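> With this note's numbering, letter number 258 in the sequence shown gets 264, and the count goes up by one each step, no holes. Heads up, the beta-carbon is just placed ideally off N, CA and C, and yes, glycines get one too. All values derive from a computational prediction rather than experimental measurement.
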Amino acid sequence: MLDAVPPYLIENVRPSEHVECARRKDPMEARKISSWDDFSKAIRENAFGDWIYRGVTQKEYIGLIPKIGRPEARAYDLDGMRLEYHIADELDLLEKFKRRAPAYSQYRTLTDLEWLSVAQHHGMPTRLLDWTESPLVAAYFATEQTPHNGGGPACIIALTGLSSVPNQEFEIGIDELCVFHPPHISPRIPAQQGLFTYHSVPNEPPNFPAKAKMQLWEIAREVCGELGFVIDKCGINATSLFPDLDGLARYLGWYYKWYGIRRDNRPVS
Numbered sequence: 007m008l009d010a011v012p013p014y015l016i017e018n019v020r021p022s023e024h025v026e027c028a029r030r031k032d033p034m035e036a037r038k039i040s041s042w043d044d045f046s047k048a049i050r051e052n053a054f055g056d057w058i059y060r061g062v063t064q065k066e067y068i069g070l071i072p073k074i075g076r077p078e079a080r081a082y083d084l085d086g087m088r089l090e091y092h093i094a095d096e097l098d099l100l101e102k103f104k105r106r107a108p109a110y111s112q113y114r115t116l117t118d119l120e121w122l123s124v125a126q127h128h129g130m131p132t133r134l135l136d137w138t139e140s141p142l143v144a145a146y147f148a149t150e151q152t153p154h155n156g157g158g159p160a161c162i163i164a165l166t167g168l169s170s171v172p173n174q175e176f177e178i179g180i181d182e183l184c185v186f187h188p189p190h191i192s193p194r195i196p197a198q199q200g201l202f203t204y205h206s207v208p209n210e211p212p213n214f215p216a217k218a219k220m221q222l223w224e225i226a227r228e229v230c231g232e233l234g235f236v237i238d239k240c241g242i243n244a245t246s247l248f249p250d251l252d253g254l255a256r257y258l259g260w261y262y263k264w265y266g267i268r269r270d271n272r273p274v275s
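(1) Using C-beta distances below 7 Å, list every residue in its chain close to A109, excluding the 5 sequence neighbours before and after it, in chain order.
(2) Given that a residue counts as buried once 16 or more other Cβ atoms are within 10 Å of its Cβ, and exposed if not, what is N173?
(3) Whether or not the region 32 to 45 and the region 129 to 136 are in contact is what I'm after, with contact meaning three or more pairs of Cβ atoms, one per stretch, closer than 8 Å; do they touch?
(4) Assuming the contact rule is C-beta atoms closer than 8 Å, E224 and P159 should be a hit. Round their C-beta distance to whole Å, please.
(5) Spell out the partners DSSP gives L134 in its beta bridges.
(6) So what's K217 in DSSP terms, helix, strand or just coil?
(7) Are K217 and E35 close, meaning C-beta to C-beta below 9 Å?
(8) Output the distance between the C-alpha atoms of H205 and P249, rounded to the nearest integer angstrom.
(9) How many angstroms separate the CA atom of P193 from the CA atom of D85?
(10) State buried or exposed for S111, treating a residue as buried only when at least 16 other CB atoms are found within 10 Å of its CB.
(11) Keeping to the same chain, check which residues put their C-beta closer than 8 Å to that of G259; ignore five residues upstream and five downstream.
(12) Can you tell me the Cβ-Cβ gap for Y67 and P208, rounded? I've got them flagged as a contact below 8 Å.
(13) For S46 and Y82, what's the separation of their Cα atoms in angstroms?
(14) Contact defined as beta carbons within less than 8 Å: I believe I237 pairs with Y146. What is the distance between those atoms, to the nearest angstrom?
(15) Which full runs of the beta strand (DSSP E) of 3+ residues lie inside the region 94 to 140, going along the chain?
(16) Could you give the C-beta distance for V185 and I58, rounded to a whole number, given that I count them as a contact under 8 Å?
(17) CB G200 to CB P188, shorter than 9 Å?
(18) Do you know offhand how far S169's Cα is from L183's?
(19) Could you give the first and the last residue of the continuous alpha helix (DSSP H) run that contains R50?
(20) Please classify T117 as buried or exposed, where buried requires at least 16 neighbouring CB atoms within 10 angstroms.
(21) With distances taken between CB atoms, is the gap from T245 to Q198 smaller than 9 Å?
(22) Please classify V171: does DSSP put it in a helix, a strand, or coil?
(23) Tell whether a beta-carbon distance below 9 Å holds between A164 and Q221.
(24) Could you name the residues of the same chain whose beta carbon sits closer than 6 Å to that of S123, not counting the 5 residues immediately before and after it, in chain order?
(25) Would you mind stating whether L100 and F176 have Cβ atoms separated by less than 9 Å?
(26) For G75, count the other beta carbons within 10 Å of its own beta carbon; 16 or more makes it buried, fewer makes it exposed. Which is it?
(27) DSSP on F176, reduced to helix/strand/coil?
(28) Kindly identify the DSSP beta-bridge partner or partners of I316.
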C-alpha cells in the first residue's frame, strides 16, 4: 500500500457509491479554507482537542467506508453481478495473511488488530481506515495532486470524540466507531502520526458515538498549490512522510514539477 497511493490518509471512494456514508443525523460542521490564515486558524481552534484528520483530494471522496467494504474492492461474477462483502471472506483473508506473512517479515506473535494494521500497511483490504493526528500531514495528502487533478476542492475531515478500541480482537464487541493506534511497524507510521479507525461493519456507514464531532474543511482549489509550498517549508513533504528512497524520489519529482513555476512567480493552481 505504500507506493504511489498514500498509505494512511487517502483512499479514494467513488462518489456515486459512498458519499452517503459521511452524512450524519446532525449536520457536519463545514469550514472554507481560502488562505493559509484560514487553515492556521482552523488548526489553532482544534489545538487542545483529541482531533484526528483525514485528507482527501476531492470533496466527493469524503466517504468513510474502509477498503474491504467498498463495492469496487470486489469483482463481478459470471452473471455480471458484483460480489458482495461477507465477513467470512474477510476472516479468510486475515487468516491467510497471518499464516503466510511470517515468511516475508519478522512478525510472529501479534494480536488480530496488529495483524490487520500490518496488512493495511501493505495494501490488503481491511476494516481499518487511515487517519493522522496532524492536520499538516492531512493537508499534504489532500493537496499533493489537487492543482492538476481537475476536480473540486480538496478536503480535510476532522473528527473527535472517539474512544480507543477496548481490545485487540478481530471483533471488538461494540459497533461504535473506535480509534486504534497501531504499533510502529514502519518508519512511515510515526512519521505520518498515523492511526486507524476501526469499523465493526465495514460495508456500512460508521456508527458514531454520541459525543463525536466532525468537521469538513474545504480547501479552495486555487489555494492548494500555495498551501503545498508552505507545508513543504514546514517540513511536511514526501521525504519526511516516506523516510526512504521512495519518499526522496517522490519528493524530488514533485519539486521538479512545481518549483520552477514558483520561482517564476506564475500561478501554481
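In short:
(1) none
(2) exposed
(3) no
(4) 5 Å
(5) Y204
(6) coil
(7) no
(8) 29 Å
(9) 44 Å
(10) exposed
(11) none
(12) Rounded, the Cβ-Cβ distance is 17 Å, inconsistent with contact.
(13) 45 Å
(14) 5 Å
(15) 134 to 138
(16) 7 Å
(17) yes
(18) 8 Å
(19) W42 to E51
(20) exposed
(21) no
(22) coil
(23) yes
(24) P188
(25) yes
(26) buried
(27) coil
(28) Residue 316 cannot be examined here, being either before or after the span of the chain that is shown, 7 to 275.
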